[in-house]
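In our numbering, the protein residues as written are 1 to 152.
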Amino acid sequence: MIGLSARREGLLKALVFCSGFFLTGLFLDILKQIPQLSVYISILVIDFTPWYQLSVGTITAVWAFRDLQVPGRTMEERSRLDWVHLDTLPVTGREREVLRLILDGETNASIADRLFISESTVKKHINNSFRKLGIRSRWELLKQVGVLHPKE
Numbered sequence: 001m002i003g004l005s006a007r008r009e010g011l012l013k014a015l016v017f018c019s020g021f022f023l024t025g026l027f028l029d030i031l032k033q034i035p036q037l038s039v040y041i042s043i044l045v046i047d048f049t050p051w052y053q054l055s056v057g058t059i060t061a062v063w064a065f066r067d068l069q070v071p072g073r074t075m076e077e078r079s080r081l082d083w084v085h086l087d088t089l090p091v092t093g094r095e096r097e098v099l100r101l102i103l104d105g106e107t108n109a110s111i112a113d114r115l116f117i118s119e120s121t122v123k124k125h126i127n128n129s130f131r132k133l134g135i136r137s138r139w140e141l142l143k144q145v146g147v148l149h150p151k152e
């Protein structure tokens with residue numbers, strides 16, 4: 001079993017990751033379904049995040065937390081689950097790089113800085129990737145690549 005500090009750190013990363021997606025109602029519905037997680041998420045929310053920032057990141061955290069409870073999986077194996085499906089998507093190498101950074105919680109501006117390209121180029125890569133994948137949002141990207149439902 002993972003200690004409280006590791007859980008808090010993981011949940012905090014997920015909260016920060018998607019602070020731009022404001023789906024508070026969906027978050028609250030999930031908490032009702034999984035009461036044992038609400039304690040950890042509430043601690044994070046009280047300590048680090050105003051209520052208006054509750055987001056898809058929290059939902060991701062719930063699923064990530066669920067996955068952390070699977071016996072026998074190392075942290076490396078768990079993190080690999082997020083990327084297995086991403087590597088099979090019909091996008092260019094650079095588009096895949098941008099998608100990975102999106103899934104790491106980077107903003108368009110920070111992606112541009114990391115890849116030494118303009119922000120408009122980042123947006124172009126995102127638009128091209130989303131078009132190829134038939135999606136319209138970062139939330140749909142999360143569902144598409146299996147972050148919320150890792151490949152078993």
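From the three backbone atoms N, C-alpha and C, an ideal C-beta is built for every residue, glycine too. Please read all numbers here as calculations on a predicted model, not as lab measurements.
Next item on the list: Report the three-state DSSP secondary structure of Asp104 (helix, strand or coil).
Entry: Note: Asp104 maps to coil in three-state DSSP.
Item checked: Three-state secondary structure (DSSP) of Arg136 -> Looking at Arg136 - three-state DSSP - the assignment turns out to be coil, as it is neither helix nor strand.
Checklist line | Classification of Glu140 by the beta-carbon crowding that lies within 10 angstroms, buried from 16 upward | finding: Residue environment: Glu140 is assigned as exposed (fewer than 16 neighbouring CB atoms within 10 Å of its CB, all protein chains considered).
Checklist line | Residues near Arg136 in its chain [Cβ-Cβ closer than 7 angstroms; skip 5 each side] | finding: Answer for Arg136: Phe130, listed in chain order.
Item checked: Backbone CA spacing between Ile111 and Asn128 [nearest angstrom] -> When rounded, the distance between both Cα atoms is 16 angstroms.
Next item on the list: Give the C-beta separation of Glu95 and Ala109 to the nearest angstrom, bearing in mind that I take them to be a contact with Cβ-Cβ under 8 angstroms.
Entry: In fact, because the Cβ distance is near 18 angstroms, the residues do not count as touching under 8 angstroms.
Check: Hey, how far is the Cα of His125 from the Cα of Pro90?
Finding: When rounded, the distance between both Cα atoms is 13 angstroms.
Notebook entry, point to check: Which class does Leu99 belong to by DSSP, given the choice of helix, strand or coil?
Noted result: Under the three-state reduction of DSSP output, Leu99 falls in the helix class.
Notebook entry, point to check: In its own chain, which residues sit with a C-beta less than 8 angstroms from the C-beta of Ile102, not counting the 5 before and 5 after it?
Noted result: For Ile102, where only same-chain residues beyond five positions count, the Cβ hits under 8 angstroms are Ile111, Ile126, Arg138 and Leu141.
Notebook entry, point to check: Quick one: Cα of Glu106 to Cα of Val98, how far?
Noted result: Rounded to whole angstroms, Glu106 and Val98 show a C-alpha spacing of 9 angstroms.
Item checked: Straight-line Cα distance separating Phe116 from Lys123 -> In this structure, the straight-line span from the alpha carbon of Lys123 to that of Phe116 is close to 14 angstroms.
Item checked: Three-state class that DSSP yields for Phe130 in the structure shown -> It is helical.
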